[in-house]
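Shown next, in structure tokens, is the structure this report addresses.
Residue numbers (the UniProt record's numbering): 1 to 402.
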């Protein structure tokens, strides 16, 4: 189904977590390759939702969207709009599905997407189908390209006009966002952002035998790199995320071994914390380097071009009702060890939905004691944690919209 300017569908009927089995869904989902194209996985998601009484559609940006609203129109309009979001795409290469057990004898599913993010998707579907809102409405909005350019999430937030080649997209307009990613059933309320850019220093070429007749751009790197190292000196640490980082990850300069180089470039990786924005970082970094190098050296700093905004840092008030609903539900299901309110360890599309209150939640780990899990050859998720996450989302939705 498609229709970029249609609504998200009406009330989805009497779906329940009993009729939707998140574990069975996940086993089928991990078998579907989604590292090169989201099409097959998206079709499976649409079919699953339709089979359970929802009215899904695929918008012009490739997002799967479905909404359930309170039966009373006045109650639906007066209550909050809760958006459940994650993605169907995965990173390459595909890793085939396997059932297994972990070192403690607990059942696990292995394979690409098991924790990032088809396991979280299974939990969100369970919550979406399992609660009929008494107030407000809940929308499941699942994006096609979180692992690459996030064009789907960008369209969900900003919308698209009729002049866009693929058609119009109506913004989702949520009040609260629950984003499915592997958090081991903790409630993550903040994450660093990531920016990338290239610093270019320009001078004047000359014969290396007469260095004073030119302006050495490579030589200017000494002071530029010093400014980069000192860029965050004195900056206040974020209470949850700590200090930002700025790392030179590549350098290039010079065209001939007997020539004063006229240009040098440095690639920079920035992991930001609130309230820094991409443009704020760009301007501040350019100014800091400009102050550090000689006047005759040209300075330009440009963020890497991309068709969608960078994933900026975000944070949600830990005392917000959304955080309490998710954290309390996680603890009631999994015990005191679950529901910790903490930051998330990676950049996500949750960035796009802030400053609306946003929580990242789901089964699985980014990494465990043995090393990387998400995006790795050993990606897995514990089966019992998928069920815990599904029950948590159902309870949280009921708390917010019941």
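Glycine included, each C-beta is placed from N, C-alpha and C at the ideal position.
Note that this is a predicted model, so its numbers are computed, not measured.
Residue i - containing alpha helix (DSSP H), residue span
i: residue 310; result: Note, residue 310: premise wrong, no alpha helix (DSSP H); not H, not E.
i: residue 46; result: 39-51
i: residue 280; result: 278-292
i: residue 130; result: 118-130
i: residue 135; result: Careful: residue 135 lies outside any alpha helix (DSSP H) and carries neither H nor E.
i: residue 73; result: 73-78
i: residue 64; result: Unbroken run through residue 64 is the beta strand (DSSP E), 64-69; no alpha helix (DSSP H).
Bounding residues of the beta strand (DSSP E) (the contiguous stretch that carries residue i)
i: residue 112; result: Element bounds for residue 112: n/a, residue is neither H nor E.
i: residue 381; result: 380-382
i: residue 160; result: Premise fails: residue 160 is in no beta strand (DSSP E) and is neither H nor E.
i: residue 270; result: 263-272
i: residue 197; result: 193-202
i: residue 87; result: 81-87
i: residue 253; result: 245-253
i: residue 106; result: It is not in any beta strand (DSSP E) - residue 106 carries neither H nor E in the DSSP assignment.
i: residue 343; result: 341-344
i: residue 177; result: 176-180
i: residue 302; result: 298-303
i: residue 231; result: Counting along the chain, residue 231 falls outside any beta strand (DSSP E), and DSSP gives it neither H nor E.
Identity of the residue in the options nearest residue i by Cα
i: residue 315; options: 60, 360, 91; result: 360
i: residue 168; options: 284, 63, 287, 19; result: 63
i: residue 124; options: 108, 185, 152; result: 185
i: residue 310; options: 196, 71, 249; result: 196
i: residue 115; options: 333, 249, 374, 330; result: 374
i: residue 296; options: 241, 329, 205; result: 205
i: residue 323; options: 188, 77, 59, 377; result: 188
i: residue 93; options: 241, 379, 329; result: 379
i: residue 308; options: 151, 140, 49, 133; result: 151
i: residue 141; options: 238, 239, 49; result: 49
i: residue 368; options: 56, 103, 60; result: 103
i: residue 179; options: 77, 122, 131, 71; result: 122
i: residue 423; options: 236, 79, 337, 54; result: Residue coverage of the chain in this structure runs from 1 to 402, which leaves residue 423 outside it and unanswerable.
i: residue 245; options: 239, 236, 328, 232; result: 232
i: residue 329; options: 268, 400, 270, 287; result: 400
i: residue 318; options: 239, 243, 402, 71; result: 239
i: residue 487; options: 51, 61, 80; result: This structure does not reach residue 487, given that the chain is present from 1 up to 402, and the question cannot be answered.
i: residue 406; options: 290, 243, 402, 129; result: The chain is shown from 1 up to 402; residue 406 falls before or after that span and cannot be answered.
i: residue 139; options: 371, 70, 219; result: 70
Residues near residue i in its chain [Cβ-Cβ closer than 7 Å; skip 5 each side]
i: residue 183; result: 344, 360, 361, 362
i: residue 118; result: 26, 29, 30
i: residue 171; result: 156, 157, 158, 159
i: residue 126; result: 17, 20, 22, 390, 393, 394
i: residue 366; result: 182, 345, 346, 373, 374
i: residue 408; result: Given that the chain is displayed from residue 1 to residue 402, the structure contains no residue 408 and the question cannot be resolved.
i: residue 214; result: 203, 204, 205, 206, 260
i: residue 288; result: 227, 231
Buried versus exposed call for residue i [16 or more other C-beta atoms within 10 Å across all chains shown]
i: residue 149; result: exposed
i: residue 358; result: buried
i: residue 427; result: Residue numbering for the chain in the displayed model covers 1 to 402; residue 427 lies beyond these limits and cannot be assessed.
i: residue 257; result: exposed
i: residue 234; result: exposed
i: residue 37; result: exposed
i: residue 230; result: exposed
i: residue 247; result: exposed
i: residue 348; result: buried
i: residue 147; result: buried
i: residue 306; result: exposed
i: residue 120; result: buried
i: residue 210; result: exposed
i: residue 249; result: exposed
i: residue 321; result: exposed
i: residue 133; result: buried
i: residue 335; result: exposed
i: residue 339; result: buried
Own chain residues within Cβ distance below 6 Å of residue i, not counting five before or after
i: residue 75; result: 135
i: residue 313; result: 192, 193, 272, 273, 274
i: residue 263; result: 202, 217
i: residue 285; result: 301
i: residue 382; result: 106, 108
i: residue 326; result: 187, 359, 361, 396
i: residue 113; result: 30, 90
i: residue 279; result: none
i: residue 153; result: 143, 349, 352
Cβ shell of residue i (< 8 Å), same chain only, five flanking positions each side left out
i: residue 40; result: 32, 33, 34
i: residue 95; result: 110, 111, 112, 377, 379
i: residue 241; result: 190, 191, 192, 273, 274, 313, 315, 343
i: residue 292; result: 223, 224, 226, 227
Contact test: residue i Cβ vs the ligand ADP heavy atom, cutoff 8 Å
i: residue 84; result: In terms of ligand content, the structure shown is empty, and the ligand ADP therefore cannot be addressed.
Hey, is the stretch 161-176 in contact with the stretch 95-110, meaning 3+ C-beta pairs nearer than 8 Å?
-> Flag = no, the stretch 161-176 and the stretch 95-110 do not touch.
| Is it a yes or a no for the stretch 270-278 touching the stretch 200-209, going by three-plus beta-carbon pairs under 8 Å? | With the rule of 3 Cβ pairs closer than 8 Å, the stretch 270-278 does not count as touching the stretch 200-209.
- Message: When you compare the stretch 339-355 with the stretch 376-388, are there three or more beta-carbon pairs, one atom per stretch, that lie closer than 8 Å?
- Response: Segment contact: the stretch 339-355 against the stretch 376-388, fewer than three CB-CB distances shorter than 8 Å; contact not assigned.
Worksheet item: Is the number of C-beta pairs between the stretch 241-259 and the stretch 299-306 that are closer than 8 Å three or more?
Response: Not touching, per the Cβ criterion.
| query | Three or more C-beta pairs closer than 8 Å, one from the stretch 172-180 and one from the stretch 80-87: is that the case here? | reply | Touching, yes, given that three or more Cβ pairs across the two stretches are closer than 8 Å.
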